[in-house]
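Participant: Here you go, one structure.
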Amino acid sequence: MVKYIKTLVALVLLVFAAQYVTGQEGDLAGVEMQVTQTVSEIPVEQPEVAEETGYASIEEFQASAGYVKFMIDNLWVLMAAALVFIMHLGFATVESGFTQAKNSVNVIYKNVFILATGIITYALVGFQIMYPGDFNGFFGFGGFGIGYDAADPIGMLTPAYGLDMTIWTDFIFQAMFAATAATIVSGCVTGRIKLPAFMIFGALLVAISYPITGSWKWGGGWLDSLGFYDFAGSTLVHAVGGFAGLACVLLLGARAGKYDNGKVNLIPGHNIPLATVGIFLLWFGWFGFNGGSVLSADPTAISFVFVNTALAAAAGALAAMVATYVTMHKLDAPMALNGILAGLVGITAGADVVSPTSAMMIGLLAGILVVLSINMFDKLRVDDPVGAISVHGICGVWGTLAVGIFSAEYSFVTQLIGTTAVVAFTFVFSFAVFAALKFTMGVRVSPEVELGGLDLEEHGNNAYPSFAGVELLSK
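Reading the sequence shown from the start, the letters are residues 1015 to 1489 in the working numbering.
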């Protein structure tokens, strides 16, 4: 433990040294880099509206001066939503590859369920909790459904939100984010959780907890008023998923054999090449995750965010490689892959407001943190099969705090308050819900089912029948 404390102190000193070197204002001749517009600054050109309905017709809107911008912005955010959608395939393949072959079908089933139920529950209640309109800043509910006005033939968001896009575009982009938070939990609990318990927990996380904390910032709530900043969700998406997963793991316990005989035992993933494909799918999709969060097709802003995203991921990978060799004396491919994700998660909060040099520093420190964190949780006997708590939880917190370090515009104290509030609410909510499930219906499969694998026991199927010695019989 003393070793970890010393390392943490060294990291803190390195952060503040980096802050001094970069001058908080980037490396572009001392000019502050703030290339993206805030939501309230995006110009919304409204066409003339019909007096009887208060809305323009489709024909009137197409003839207006703002139609071309409206169309391009919508197309870009829709493309970004499709990129984030592909990330769910990445999450599924990473989780499957990093864990045992006997649970691969279960992994795929959970990920399909989370994406499907996430979209539905977010449409029914989550979207209107996250964006309720005028509310007290802590909790609001705009009603069931997506909340569009049937009298509006275009479906434009109101000028109050300042978004030059349809409500449909905004919803589908945000729904992909909502499902991501619950997908992160899947990796934390894989290999030993009862499927019904996971289904209920995942649905409640997307429907209630995630949109409540999201509304505090993105819905115009109290954190937004305080000046908290999280561009694309280092805390609001990733730390939410990571700390929800931590609450579940603490109640669920470790996989059988992980900590037997008083030591940490390696349970290797069955397919590292498959996990590698997943990591690169996630990196690819992250350009939409961060780039789409610009919420307009501004080429300067999007290209800047793309560059920072790539630099942080690359720095995270290299840092994790070095940190693994220094601390564990081996060249560990899964750690390098998690280093990529650590850098991506770390830059997500400030991809639009920090300089490229700062982006590399954020990714570098995230790559070191993920190695130290995974080892620390193992020492504490917290079994996280894919490292999701460290990647998304710890590095999500780091990335959000880094905004207050590397950007002169935002306060470290405000970032700390916002991050702490979101993490605390998520952890308490998740612990309470999962504890209720544990003491009512049970959350863990039997030792026999865990030993035999969830694929055959819960799904009656096997991802690799020939590998397992199971012959396929033709009818």
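Even glycine gets a Cβ: it sits at the ideal position worked out from N, Cα and C.
Predicted, not measured: the structure shown is a model, and the values here were computed from it.
Using the C-alpha atoms, what's the distance from L1138 back to F1105?
Facilitator: Whole-angstrom Cα-Cα distance: 24 Å.
Participant: By Cβ distance, which residues of its chain are closer than 8 Å to L1345, with the 5 residues on each side in sequence left out?
Facilitator: Around L1345: M1335, T1338, Y1339.
Participant: What separation, rounded to the nearest whole angstrom, lies between the Cα atoms of A1449 and L1266?
Facilitator: C-alpha separation (whole angstroms): 9 Å.
Participant: Per DSSP, which residues does R1206 bridge with? Please list them.
Facilitator: Its beta-bridge partners do not exist; DSSP assigns none.
Participant: I need the straight-line Cα distance from A1328 to W1297, nearest angstrom please.
Facilitator: Taking the straight line from one Cα to the other gives about 10 Å.
Participant: Taking the alpha helix (DSSP H) that G1299 belongs to, which residues open and close that run?
Facilitator: Element bounds for G1299: 1286-1305.
Participant: Look up T1135 in the DSSP assignment and give the residues it is bridged to.
Facilitator: None, per the DSSP bridge assignment.
Participant: Taking 6 Å as the limit between beta carbons, can you name the residues of its chain near L1358, skipping five residues before and five after?
Facilitator: The residues are W1300, A1327.
Participant: Work out the CA separation of A1211 and T1131 for me, nearest whole Å.
Facilitator: Between T1131 and A1211, the C-alpha separation is close to 14 Å.
Participant: Less than 9 Å separating the beta-carbons of G1283 and G1432?
Facilitator: No, the Cβ-Cβ distance between G1283 and G1432 is not below 9 Å.
Participant: How long is the line joining the alpha carbons of G1466 and A1095, rounded to whole angstroms?
Facilitator: C-alpha separation (whole angstroms): 38 Å.
Participant: Just to confirm the assignment, what range does the alpha helix (DSSP H) spanning H1102 have?
Facilitator: Run containing H1102: 1081-1112, per the alpha helix (DSSP H) assignment.
Participant: Could you compute how far the alpha carbon of G1456 sits from the alpha carbon of A1221?
Facilitator: Each residue's Cα considered, the two are about 22 Å apart.
Participant: I982: which of M1093, G1305, T1183 sits nearest, CA to CA?
Facilitator: Residue 982 is absent from the structure shown; the chain starts at 1015 and stops at 1489.
Participant: Is the beta carbon of F1127 closer than 9 Å to that of G1234?
Facilitator: Not a contact, by the Cβ cut-off of 9 Å.
Participant: Does the beta-carbon of M1374 have 16 or more other beta-carbons within 10 angstroms, so that it is buried, or is it exposed?
Facilitator: The residue in question, M1374, is buried, as its Cβ has 16 or more Cβ neighbours within 10 Å.
Participant: Three or more beta-carbon pairs under 8 Å between the stretch 1308-1324 and the stretch 1409-1423, yes or no?
Facilitator: Contact fails: fewer than three Cβ-Cβ distances are below 8 Å.
Participant: State the DSSP-derived secondary structure class of T1180, mapped to helix, strand or coil.
Facilitator: T1180 falls in the strand class under three-state DSSP.
Participant: In terms of residues, what are the limits of the alpha helix (DSSP H) holding D1392?
Facilitator: Here the alpha helix (DSSP H) through D1392 covers 1370-1393.
Participant: What first and last residue would you give for the alpha helix (DSSP H) that runs through M1144?
Facilitator: Here the alpha helix (DSSP H) through M1144 covers 1141-1144.
Participant: Rounded to a whole number of angstroms, what is the C-alpha to C-alpha distance between F1445 and C1262?
Facilitator: Going from the Cα of F1445 to the Cα of C1262 covers about 6 Å.
Participant: Could you give the distance in angstroms between the alpha-carbon of K1124 and the alpha-carbon of V1098?
Facilitator: Cα to Cα, the separation comes out at about 18 Å.
Participant: For H1406 versus L1325, is the C-beta spacing smaller than 9 Å?
Facilitator: Not closer than 9 Å, so no.
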